[in-house]
Amino acid sequence: MREILFKAKMKGDGEWMRGVPVDVTPLSCFEVLNKEFIMVRACFADWGMPRDLEGAKVDPDTICEYSGFDDNGKKEIFESDILKINSIDTGCKPMLGVVVFIDGTFMVKFKSDHYEPLYQHYKNSEVVGNFFDKREVSK
Numbered sequence: 015m016r017e018i019l020f021k022a023k024m025k026g027d028g029e030w031m032r033g034v035p036v037d038v039t040p041l042s043c044f045e046v047l048n049k050e051f052i053m054v055r056a057c058f059a060d061w062g063m064p065r066d067l068e069g070a071k072v073d074p075d076t077i078c079e080y081s082g083f084d085d086n087g088k089k090e091i092f093e094s095d096i097l098k099i100n101s102i103d104t105g106c107k108p109m110l111g112v113v114v115f116i117d118g119t120f121m122v123k124f125k126s127d128h129y130e131p132l133y134q135h136y137k138n139s140e141v142v143g144n145f146f147d148k149r150e151v152s153k
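Have a look at this one:
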């Protein structure tokens, strides 16, 4: 069975939280300008005891879905992760690309606006960051 997992940056401290996003925007007859999401995850429980849920408000713009692939170091690859892709050809330099989700497929977007399917590269890749972390560093 495929694992459905997300991560997003928490409001306030900006740390990543993994779980399932839930839209908690109040219902309105009018246009909603600010959507509000929380990320929910199950807490640890011992001895088969019921597990509590914990949640935190997250920035909806930073919600990233797990691709189902891991990089060559067994790190999970999420949407918006930045990958360093090592070429199979020994003469080529590593390339950087960002994971995007387009038309039901996880793709790697390269600087030249060239897209290739993630499944062709994940075994030769390393997650070196996330688009949202790099964006904050450049501010």
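Numbering (the working numbering), first residue to last: 15 to 153. Backbone N, C-alpha and C fix where the C-beta goes; we use that ideal spot for every residue, glycine too. Predicted, not measured: the structure shown is a model, and the values here were computed from it.
Nearest-angstrom Cβ-Cβ length linking residue i and residue j, presumed shorter than 8 Å
i: residue 85; j: residue 140; result: 5 Å
i: residue 121; j: residue 131; result: 6 Å
Buried or exposed by the 16-neighbour rule on C-beta atoms within 10 Å, applied to residue i
i: residue 48; result: exposed
i: residue 38; result: exposed
i: residue 91; result: buried
i: residue 142; result: exposed
i: residue 125; result: exposed
Cβ-Cβ distance between residue i and residue j below 8 Å
i: residue 36; j: residue 18; result: no
i: residue 55; j: residue 33; result: yes
i: residue 123; j: residue 110; result: no
i: residue 144; j: residue 100; result: no
Span of the beta strand (DSSP E) around residue i
i: residue 55; result: 51–56
i: residue 124; result: 119–124
i: residue 97; result: 95–99
i: residue 91; result: 90–92
According to DSSP, residues forming a beta bridge with residue i
i: residue 33; result: 20
i: residue 139; result: 99
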